[in-house]
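Trainee: Taken in order, these protein sequences are the chains called Y and A.
Residue numbering for the first sequence is 1 to 138, as defined by the working numbering.
Residue numbering for the second sequence is 1 to 278, as defined by the working numbering.
Pasting a structure below so you can have a look.
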Amino acid sequence: MIGQRLKEFEAREVERILGACTQCGQCYEACPMVRYSKAPAAKGEAVVPGVLAVLRGEPGTAEALGWIAVCTRSGVCVPACPEKVDPRMMMRLARMTALGGRGAPKQIEPKEDRDYYDRVRAFARLQLTDDELKEWTR
Amino acid sequence: MSERVTFWYGCNVLRHGDILHACLDVLRALDFEPMPAGGPDYCCGTGKDANQTAAGGMASRTVGRFNAREARVVAWCPSCHSHMHDFMGHESERRFAMTYFVELLHARREELARLFVHRVPMRVMLHQHVGFNDLVPVNRMVPELLSLIPGVEVRSAGYVAPGYMCASFNAVPKALDDIHAGTVRAARNAGAEAVVTTFHQCYRELVGLDAAGAVPVYNYMHLVARAMGLEYEDEYKAWKRAGEGATELIGAARIAQVGVQFYERAILPELKKRPRLP
Numbered sequence: 001m002i003g004q005r006l007k008e009f010e011a012r013e014v015e016r017i018l019g020a021c022t023q024c025g026q027c028y029e030a031c032p033m034v035r036y037s038k039a040p041a042a043k044g045e046a047v048v049p050g051v052l053a054v055l056r057g058e059p060g061t062a063e064a065l066g067w068i069a070v071c072t073r074s075g076v077c078v079p080a081c082p083e084k085v086d087p088r089m090m091m092r093l094a095r096m097t098a099l100g101g102r103g104a105p106k107q108i109e110p111k112e113d114r115d116y117y118d119r120v121r122a123f124a125r126l127q128l129t130d131d132e133l134k135e136w137t138r
Numbered sequence: 001m002s003e004r005v006t007f008w009y010g011c012n013v014l015r016h017g018d019i020l021h022a023c024l025d026v027l028r029a030l031d032f033e034p035m036p037a038g039g040p041d042y043c044c045g046t047g048k049d050a051n052q053t054a055a056g057g058m059a060s061r062t063v064g065r066f067n068a069r070e071a072r073v074v075a076w077c078p079s080c081h082s083h084m085h086d087f088m089g090h091e092s093e094r095r096f097a098m099t100y101f102v103e104l105l106h107a108r109r110e111e112l113a114r115l116f117v118h119r120v121p122m123r124v125m126l127h128q129h130v131g132f133n134d135l136v137p138v139n140r141m142v143p144e145l146l147s148l149i150p151g152v153e154v155r156s157a158g159y160v161a162p163g164y165m166c167a168s169f170n171a172v173p174k175a176l177d178d179i180h181a182g183t184v185r186a187a188r189n190a191g192a193e194a195v196v197t198t199f200h201q202c203y204r205e206l207v208g209l210d211a212a213g214a215v216p217v218y219n220y221m222h223l224v225a226r227a228m229g230l231e232y233e234d235e236y237k238a239w240k241r242a243g244e245g246a247t248e249l250i251g252a253a254r255i256a257q258v259g260v261q262f263y264e265r266a267i268l269p270e271l272k273k274r275p276r277l278p
């Protein structure tokens, strides 16, 4: 089945993270993006349980969903985690889950760009020769 | 004997044919035989967080095609490189080595320096992000490469943006505004004449600062190309600077190839877009 092995890997990672995270919140407090969240919190320990809930396919809190929506993979959270959970992976999987990508109900709206691939193809056509298009993109 | 490598350039760098051509020339000059591969048919799937079935299909297809080539993959795009590292290799067994383009240039920097035969007199500040550096330390490597170019002086102002590249901030526009403002401020504080980006995704966003007259912006490959005497025109920058006038620069024949309506809806607005500066 298409994507089955990827989904199995993601499920294993979710289980690992749920088992390893102590919800101390140090990942949140190290994150340079929390100030852009729609629902920032003073303490990370108040936010991380909501992220883990999202990973379990449960509704996330406003604070958790606000953080998930602004994660841009800075990775500052990774060395901040005392349990070596890999919070960047935690947040990426939470984002996939909250967007509905892993089968659970959608909790945040994706920023869709319906022209994304057509725009890439168009710029390629504007910049490359026919031979380059044929040899480089197919 | 030259080594055949797959040069996996990604998707969005197709806006920058000059960067692609320069990368291929550099690889050939370093005695590689590059096989370019990119665009939607070689998508990594990193943009498909909302559809992991699609992401898995893309990973399976792209990894399978690279396996069939039986050659090392040299990746240009940081998103593709990290997605292969974090996810794609778990969908399909990967039977090829991976090297990030900056890593390759850095490993061959002594030979590269001998190719830098033209002076590029410029004081520059590297635009940096905190992310990606645990996978490839680009914030250290790129300044070291730039310092090999005669005439280039790399200045630091200590400003490091969040995230790992600018394009991912389209969903957080206030943060992108702050990055634009922080980059201009840092360049001025550093006494830099220009900002240089590592990634094309940052170049695409920051070249708007150039178009707005705030600070000249380049990708590091533009400086590498100049030092080697490569003369590819940066058409994207010319179009961006021209804004509405890009239509005339591109010309009716090329626009007809992509469709006038599509050009006006999906291309021209990007070329006219300018950063919000305080």
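Ideal placement from N, C-alpha and C gives every residue a C-beta, glycine not left out.
Mind checking the region 45 to 63 of chain A against chain Y and listing, in chain order, the residues whose C-beta falls within less than 8 Å of any C-beta there?
Mentor: Taking 8 Å as the Cβ-Cβ cut-off against chain Y, the residues of the region 45 to 63 of chain A that qualify are GLY47, LYS48, ASP49, ALA50, ASN51, GLN52, THR53, ALA54, ALA55, GLY56, GLY57, ALA59 and SER60.
Trainee: Starting from LEU126 of chain A and walking both ways along the beta strand (DSSP E), at which residues does that stretch end?
Mentor: LEU126 of chain A -> beta strand (DSSP E) spans 122 to 129.
Trainee: Any C-beta of chain Y within less than 8 Å: which residues of the region 218 to 235 of chain A qualify?
Mentor: So the close ones are GLU235.
Trainee: For PRO40 of chain A versus THR61 of chain Y, is the C-beta spacing smaller than 9 Å?
Mentor: No, Cβ-Cβ distance for PRO40 of chain A and THR61 of chain Y is not below 9 Å.
Trainee: Exposed or buried, ALA256 of chain A, counting other C-beta atoms within 10 Å across all chains shown (16 or more means buried)?
Mentor: So ALA256 of chain A ends up on the exposed side.
Trainee: Excluding sequence positions up to five away, which residues of its chain have a Cβ less than 8 Å from the Cβ of GLU10 of chain Y?
Mentor: Same-chain partners within the cutoff: LEU93, MET96 and ARG102.
Trainee: Which residues of the region 96 to 122 of chain A have a Cβ closer than 9 Å to any Cβ of chain Y? Give them in chain order.
Mentor: Listed by position, the residues of the region 96 to 122 of chain A near chain Y (Cβ gap below 9 Å) amount to none.
Trainee: Out of Y:VAL70, Y:MET90 and Y:GLU15, which one is the CA nearest neighbour of VAL78 of chain Y?
Mentor: Selected option, being the one with the closest Cα: Y:MET90.
Trainee: Give a yes or no on whether the minimum CB-CB distance between GLU244 of chain A and chain Y is below 9 Å.
Mentor: No, its Cβ sits nowhere closer than 9 Å to a Cβ of chain Y.
Trainee: Please list the residues of the region 6 to 24 of chain A that have a C-beta atom closer than 7 Å to any C-beta atom in chain Y, keeping them in chain order.
Mentor: Taking 7 Å as the Cβ-Cβ cut-off against chain Y, the residues of the region 6 to 24 of chain A that qualify are CYS11, ASN12, LEU14, ARG15 and GLY17.
Trainee: Looking at the strands, I want to know which residues DSSP matches up with PHE7 of chain A.
Mentor: Beta-bridge pairing links PHE7 of chain A to A:PRO36 and A:VAL74.
Trainee: Against MET91 of chain Y, what residues of chain A qualify as contacts under a CB-to-CB distance less than 8 Å, listed in chain order?
Mentor: Within chain A, no residue comes near MET91 of chain Y; the closest Cβ sits about 11 Å away, beyond 8 Å.
Trainee: Quick one: complete beta strand (DSSP E) runs, 3+ long, within the region 142 to 179 of chain A?
Mentor: Counting whole runs of 3 or more residues, the region 142 to 179 of chain A contains the beta strand (DSSP E) stretches 152 to 155.
Trainee: Taking just the CA atoms, how far does LEU104 of chain A sit from LEU112 of chain A?
Mentor: When rounded, the distance between both Cα atoms is 10 Å.
Trainee: Compile a chain-ordered list of the residues in the region 112 to 130 of chain Y whose CB is closer than 8 Å to at least one CB of chain A.
Mentor: Answer set for the region 112 to 130 of chain Y: ASP115, TYR116, TYR117, ASP118, ARG119, VAL120, ARG121, ALA122, PHE123, ALA124, ARG125, LEU126, GLN127 and LEU128.
Trainee: Does the Cβ of PRO162 of chain A have 16 or more other Cβ atoms within 10 Å, making it buried, or fewer, making it exposed?
Mentor: Per the 10 Å Cβ criterion, buried.
Trainee: Is ASN219 of chain A helix, strand or coil by DSSP?
Mentor: It is a strand residue.
Trainee: Do PRO150 of chain A and VAL120 of chain A have their beta-carbon atoms positioned less than 9 Å apart in this structure?
Mentor: Taking 9 Å as the Cβ cut-off, VAL120 of chain A and PRO150 of chain A qualify as a contacting pair.
Trainee: Cβ of GLN257 of chain A less than 9 Å from any chain D Cβ?
Mentor: The structure shown has no chain D; the protein chains it does contain are Y and A.
Trainee: If we count Cβ pairs, one from each stretch, closer than 8 Å, do we get three or more for the region 1 to 17 of chain A versus the region 220 to 236 of chain A?
Mentor: Yes: at least three Cβ pairs fall under 8 Å.
Trainee: What does a CB cutoff of less than 8 Å around PRO32 of chain Y pick up in its chain, not counting 5 residues either side in sequence?
Mentor: Counting only Cβ-Cβ distances below 8 Å, and skipping sequence neighbours, we find SER74 and VAL76.
Trainee: Mark MET1 of chain Y as exposed unless 16 or more other C-beta atoms lie within 10 angstroms of its C-beta, in which case mark it buried.
Mentor: Exposed is the call here.
Trainee: Roughly how many whole angstroms lie between the Cα atoms of ALA46 of chain Y and LEU55 of chain Y?
Mentor: About 16 Å.
Trainee: Is there contact here, the region 81 to 92 of chain A with the region 46 to 62 of chain A, by at least three beta-carbon pairs under 8 Å?
Mentor: Cβ pair count under 8 Å is three or more, so yes.
Trainee: Mapping the DSSP letters down to three states, classify THR197 of chain A as helix, strand or coil.
Mentor: THR197 of chain A: strand per DSSP, three-state reduction.
Trainee: For PRO32 of chain Y, would you say it is in contact with chain A, using Cβ-to-Cβ distances shorter than 9 Å as the test?
Mentor: Yes, PRO32 of chain Y lies at the interface with chain A (some Cβ there is under 9 Å from its Cβ).
Trainee: If you draw a straight line from the C-alpha of ARG121 of chain Y to the C-alpha of ALA68 of chain A, how long is it?
Mentor: Roughly 24 Å between the two C-alpha positions.
Trainee: Let me know the alpha helix (DSSP H) ranges lying completely inside the region 66 to 118 of chain Y, each 4 residues or longer, listed in chain order.
Mentor: The qualifying runs are 77 to 80 and 87 to 98.
Trainee: In this structure, what does DSSP give as the bridge partners for MET98 of chain A?
Mentor: For MET98 of chain A, which the question treats as bridged, DSSP gives the partners A:VAL73.
Trainee: In chain Y, which residues lie with their C-beta within 8 Å of the C-beta of ASN170 of chain A?
Mentor: Correct list: LYS111.
Trainee: Which residues, in order along the region 36 to 52 of chain Y, keep a beta-carbon less than 8 Å from a beta-carbon of chain A?
Mentor: Under the 8 Å Cβ criterion, the region 36 to 52 of chain Y contributes TYR36.
Trainee: In whole angstroms, what is the alpha-carbon distance linking VAL70 of chain Y and VAL85 of chain Y?
Mentor: Taking the straight line from one Cα to the other gives about 20 Å.
Trainee: For ALA30 of chain Y, which residues from the same chain have a beta carbon less than 7 Å from its beta carbon, with the 5 sequence-adjacent residues on both sides left out?
Mentor: The residues are VAL76, CYS77 and ALA80.
Trainee: Spatial neighbours of HIS106 of chain A within its chain, please: CB distance less than 7 Å, with the 5 preceding and 5 following residues excluded, ordered by chain position.
Mentor: So the qualifying residues of the chain are MET141, GLU144 and LEU145.
Trainee: So what's VAL51 of chain Y in DSSP terms, helix, strand or just coil?
Mentor: Note: VAL51 of chain Y maps to helix in three-state DSSP.
Trainee: Tell me which residue opens and which closes the alpha helix (DSSP H) that GLN4 of chain Y is part of.
Mentor: Segment 4 to 20, the alpha helix (DSSP H) holding GLN4 of chain Y.
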